[in-house]
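Heads up: the structure comes next, in structure tokens.
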Amino acid sequence: MHFPNVISVAAVLSSLASAAPTRRCEGEGTCPEVQTWDNCLLPNQTALTFDDGPAGFEKEIMQTLGDRKATFFLNGCNSQCIYEEENVNNIRALHDAGHTLGSHGWTHANFSTLSFDQIHDELWKMEVAFSKILGLKPLYFRAPYGETSDTLMTVLAQRGYKKNFLWSDDVGDSSLLGVDYGKELYDSIAETWPNPHMVLNHASHEETVKQTLPYAMEALEQVGEPQERDETWVC
Ligand SMILES: *[C@@H]1O[C@H](CO)[C@@H](O)[C@H](O)[C@H]1NC(C)=O
Ligand SMILES: *[C@@H]1O[C@H](CO)[C@@H](O)[C@H](O)[C@H]1NC(C)=O
Ligand SMILES: [Zn+2]
């Protein structure tokens, strides 16, 4: 699996996938280093990422995305319990539709404050949930608040994770910056095409789901494509 899978123009992408069960490495110094990525590698790629679900909006997000693929970093016990029936169904639907799923930790903790054992526990609980719900283990992680530590990176490596993700752009929903802030961010992404972006959105934030995301789809739709003549085609 490679991330990201581009998206083009329009949006989104990513195939950070959750993947098949992985073997864990054993012994100090034998684990492959976990890379931290904060953007797509290539021009013409915009990754849309959604944190803090499941939160009940997954079906609506999928509808708005249409054929485009996005990445969801899930919690176990944050806004909702991951094992609620509707959440289980939504997570399976995301996976079936080809979206990429990763772990965002069990309780949305500040990982820079957690001990080695607490980090293992947070990750393990999410892996159990992924196994029960999807029969898979997550290979990708995003630290809540982007707060990492050397201990976290060590534990991720020990547990067989491949990548830790940050982001290049934040729609500002978790900081309550307002819908217009998020819309302007997507306008600027369209305007600076083909620069790559990895955009942080929150699946738990209703305004993002109902207002910012539909706007983003329109803003990004025409990027990189010849456009239809309109009244702006004047010298
Ligand atoms: C951008 O990506 C789209 C979709 O993958 C592709 O059709 C288009 O040719 C790409 N444009 C450039 C300049 O790479
Ligand atoms: C996480 O914890 C660290 C260490 O105590 C602190 O500096 C940081 O501000 C915390 N981050 C958040 C988002 O609370
Ligand atoms: Zn989060």
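Throughout the sequence shown, residue numbering follows full-length UniProt numbering, covering 1 to 235 in sequence. Just so you know, even glycine gets a beta-carbon here, dropped at the ideal spot from N, CA and C.
(1) Taking just the CA atoms, how far does Gln118 sit from Cys40?
(2) Can you tell which of His99, Ser79, Pro54, Gly160 has its C-alpha closest to the C-alpha of Glu86?
(3) Roughly how many angstroms lie between the CA atoms of Thr100 and Arg229, to the nearest whole one?
(4) In chain order, what residues place their C-beta within less than 5 Å of a heavy atom belonging to ligand 3?
(5) Output the distance between the C-alpha atoms of Tyr215 and Val155, rounded to the nearest integer angstrom.
(6) Give the secondary structure of Phe57 by DSSP, where H, G and I count as helix, E and B as strand, and everything else as coil.
(7) Relative to ligand 2, is the shortest distance from any of its heavy atoms to the C-beta of Glu147 smaller than 7 Å?
(8) CB Thr208 to CB Gly182, shorter than 8 Å?
(9) Which residues bound the alpha helix (DSSP H) around Leu42?
(10) Report the CB separation of residue 244 from Leu94 in whole angstroms; it is logged as a contact under 8 Å.
(11) Would you mind stating whether Thr148 and Phe116 have Cβ atoms separated by less than 8 Å?
(12) State the start and end residues of the unbroken beta strand (DSSP E) segment that holds Val88.
(13) Just to check my reading of the structure: Trp167 and Met198 have Cβ atoms closer than 8 Å, yes? What is that Cβ distance to the nearest angstrom?
(14) Going by DSSP in three states, Leu213 sits in which element: helix, strand or coil?
(15) Apply the 10 Å Cβ neighbour rule to Cys31 and answer buried if 16 or more other Cβ atoms are within range, or exposed otherwise.
(16) Is Asn75 near ligand 5, with its Cβ less than 7 Å from a heavy atom?
(17) For Leu38, which residues of its own chain have a beta-carbon under 8 Å away from its beta-carbon, when the five flanking residues on both sides are left out?
(18) To the nearest angstrom, how far is it from the Cα of Glu44 to the Cα of Pro194?
(19) Would you call Arg142 buried or exposed, if buried means 16 or more other Cβ atoms sit within 10 Å of its Cβ?
(20) Which of the three DSSP states is assigned to Thr148 in this structure?
(21) Just to confirm my understanding: we take Cys235, look at its own chain, exclude 5 residues before and 5 after, and list those with CB closer than 7 Å. What are they?
(22) Between the alpha carbons of Pro138 and Val128, how many angstroms are there, rounded?
The structure says:
(1) About 30 Å.
(2) For the residues His99, Ser79, Pro54, Gly160, the minimum Cα distance to Glu86 belongs to Pro54.
(3) Going by the C-alpha atoms only, they are around 36 Å apart.
(4) Working through the chain, the matches are Asp51, Asp52, Pro144.
(5) For Tyr215 and Val155, the distance between alpha carbons rounds to 38 Å.
(6) Collapsing the DSSP output to three states places Phe57 in coil.
(7) Glu147 Cβ: within cutoff of ligand 2.
(8) Their beta carbons are under 8 Å apart, which means Thr208 touches Gly182 by this criterion.
(9) Careful: Leu42 lies outside any alpha helix (DSSP H) and carries neither H nor E.
(10) Because the chain here runs from 1 to 235, residue 244 falls outside it and cannot be looked at.
(11) Not in contact: Thr148 and Phe116 (Cβ atoms no closer than 8 Å).
(12) Under the DSSP assignment, Val88 falls outside any beta strand (DSSP E), being part of the alpha helix (DSSP H) whose first and last residues are 85-96.
(13) The C-beta distance from Trp167 to Met198 rounds to 5 Å, short enough to fall under 8 Å.
(14) Note: Leu213 maps to helix in three-state DSSP.
(15) Buried, by the Cβ-count rule.
(16) Of the ligands one can find in the structure shown, namely ligand 1, ligand 2 and ligand 3, none is ligand 5.
(17) Going by the sequence as given, residue 38 is Asp instead of Leu. Result list for Asp38: Phe165, Leu166, Trp167, Ser168, Met198, in chain order.
(18) The amino acid occupying residue 44 in the given sequence is Asn; Glu does not appear at that position. Computed Cα separation, rounded: 5 Å.
(19) If you draw a 10 Å sphere on the C-beta of Arg142, you find 16 or more other C-beta atoms in it, and that means buried.
(20) Assignment of Thr148 by DSSP, reduced to helix, strand and coil, places it in the coil class.
(21) No residues qualify anywhere along the chain.
(22) About 10 Å.
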